[in-house]
Amino acid sequence: MTTSTLSAPRTLRIGAVSLRWSPRTLFVTLIAAISTVVLAVLSLGAGEMSLRPDRVLAVLTGGGTEQEQLIVLTLRLTRTVLGILVGAMLALSGAIVQTTTRNGLASPDLLGVTAGAGTGAVAVIVLGGTGPTASGMSTLLHGLGTSAAALLGGLAAALTVAAILRLAAGGGLQMLLIGVGTSALFGGLTSWMLITANISDAARANVWLAGSLNGRGPIEVVLAAVTLGIVGAVLVPLSTRLPALHLGTDLASALGQDVRVTRSGLLLVSVVLASIAAAVAGPIGFVALVAPHIAHRATGAARPPLFTSALIGAGIVVASDLVARTIASPILLPTGAITAIIGAPFLIWLLVRQGKDSVR
Numbered sequence: 025m026t027t028s029t030l031s032a033p034r035t036l037r038i039g040a041v042s043l044r045w046s047p048r049t050l051f052v053t054l055i056a057a058i059s060t061v062v063l064a065v066l067s068l069g070a071g072e073m074s075l076r077p078d079r080v081l082a083v084l085t086g087g088g089t090e091q092e093q094l095i096v097l098t099l100r101l102t103r104t105v106l107g108i109l110v111g112a113m114l115a116l117s118g119a120i121v122q123t124t125t126r127n128g129l130a131s132p133d134l135l136g137v138t139a140g141a142g143t144g145a146v147a148v149i150v151l152g153g154t155g156p157t158a159s160g161m162s163t164l165l166h167g168l169g170t171s172a173a174a175l176l177g178g179l180a181a182a183l184t185v186a187a188i189l190r191l192a193a194g195g196g197l198q199m200l201l202i203g204v205g206t207s208a209l210f211g212g213l214t215s216w217m218l219i220t221a222n223i224s225d226a227a228r229a230n231v232w233l234a235g236s237l238n239g240r241g242p243i244e245v246v247l248a249a250v251t252l253g254i255v256g257a258v259l260v261p262l263s264t265r266l267p268a269l270h271l272g273t274d275l276a277s278a279l280g281q282d283v284r285v286t287r288s289g290l291l292l293v294s295v296v297l298a299s300i301a302a303a304v305a306g307p308i309g310f311v312a313l314v315a316p317h318i319a320h321r322a323t324g325a326a327r328p329p330l331f332t333s334a335l336i337g338a339g340i341v342v343a344s345d346l347v348a349r350t351i352a353s354p355i356l357l358p359t360g361a362i363t364a365i366i367g368a369p370f371l372i373w374l375l376v377r378q379g380k381d382s383v384r
């Protein structure tokens, strides 16, 4: 059976309902899911007190000693689950942007959305943060405020890029350059707030800006899970319009779609996902760029499959966090530092590849 045969979509009919699927996409999705589960088990077992995978599985199935339960369920499970959620949110956001704009270089972090979300979140941390003795309720309100501010900052950055891009009538590399400029603008605002803040608030903000899962708790997991659940429910009907939108504005309009409404709705979903992911874990870069490309190339699909991209993104963040925790133990490196090491060369390769394609 050839690769093209595996990539060809097939139709499954159940009564009046028909579902199109690809054997290759299904296979890649299963591999991504299994890999993410394996990485999660390894992550739960890694640390100063390491546990074998079989002991981790014993705890997860209701067994294990009290000490093992404390290590896995209390100390490490929250961090690993948050890594899965954040990775899925970032990858979904990137896949939506790349499909909607028909631009493989487009991703929330490269278009300034993550920087804008960072500015909003830092504003809450610096101007109205909670101290280490804050109550649970004030911490919850602080988390909600940070998420709301990050969302507003991400929306502001996205609108800035859209407005400039509309005036410049550009695309491709022009979009990337505008995104870099927007990131610099919001990065400057963030730096100004850090310089004018008191030392303790600036220190907390800098820890957040590193892009790490260190010190995150159940509140961040709940915020990420609720966001992903709500956005997922909204995305299901919108995602059915992605195939037509990927064909181009003219063809999508000819098929009866309101392209402006569809595109705006999808981009809003992308901004929400990227902004809340940044709010709960800090700016973890390049996942939104790399994961959809891996899913796209591995499946051979016409566009990045959303669910496959989400699983690959989850695996990337969990793997990066595992490396960040163990490579320089007992020092905990930021997860964003590892994803940057992976993503920066990938971006350079994409730029070189696009440059060669434009010359041909």
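So in the working numbering the end of the sequence shown lands on 384, straight run, no missing numbers.
Built from N, CA and C at the ideal position, the CB exists for glycine as well.
DSSP, read as helix, strand or coil, puts Gln122 in helix. Judged by pairs of C-beta atoms under 8 Å, the segment 298-306 touches the segment 243-251, as three or more such pairs exist.
Sequence-distant Cβ neighbours of Gly241 in its own chain, meaning closer than 7 Å and more than five residues away, are Thr102. Here DSSP, grouped into helix, strand and coil, assigns Asn238 to coil. Assigned with DSSP and collapsed to three states, Pro77 falls in helix. Secondary structure of Pro369 (DSSP, three-state): helix. Here the segment 127-140 does not lie against the segment 340-348, with fewer than 3 beta-carbon pairs under 8 Å apart.
Under the 10 Å beta carbon count, Ile95 is surrounded by 16 or more other beta carbons and is classified as buried. Contact between Thr220 and Thr143 is ruled out by a C-beta separation of about 14 Å, above the 8 Å threshold. Val295 is the residue among Val295, Leu233, Gly280 and Ile223 whose C-alpha sits nearest the C-alpha of Val255. Nearest C-alpha to Ser224 among Leu151, Phe210 and Asn238: Leu151. The beta carbon of Gly177 sits closer than 6 Å to those of Gly140, Ala141, Thr143 and Gly144, all from its chain and outside the five residues before and after it, given in chain order.
Cβ atoms of Arg79 and Gly88 come within 8 Å of each other, at about 6 Å. In the structure shown, Asn230 adopts helical secondary structure according to DSSP, grouped into three states. Taken in chain order, the complete alpha helix (DSSP H) segments of 4 residues or longer contained in the segment 246-330 are 266-270, 273-278, 283-305 and 311-323.
A straight line joining the alpha-carbon of Met73 with that of His320 spans about 38 Å. Nearest Cα to Ile362 within the set Thr49, Ile372 and Thr350: Thr350.
The alpha carbon of Leu356 has as its nearest neighbour, out of Pro261, Ser59 and Gly71, the alpha carbon of Gly71. With respect to the C-alpha of Gly367, the residue from Leu335, Ala326, Pro316 and Phe331 having the closest C-alpha is Pro316. Taking all protein chains in view, the Cβ of Arg48 is crowded by 16 or more other Cβ atoms within 10 Å, so the residue is classified as buried. By alpha-carbon distance to Ser59, the top candidate from Ala338, Gly360, Ser353 and Phe370 is Ala338.
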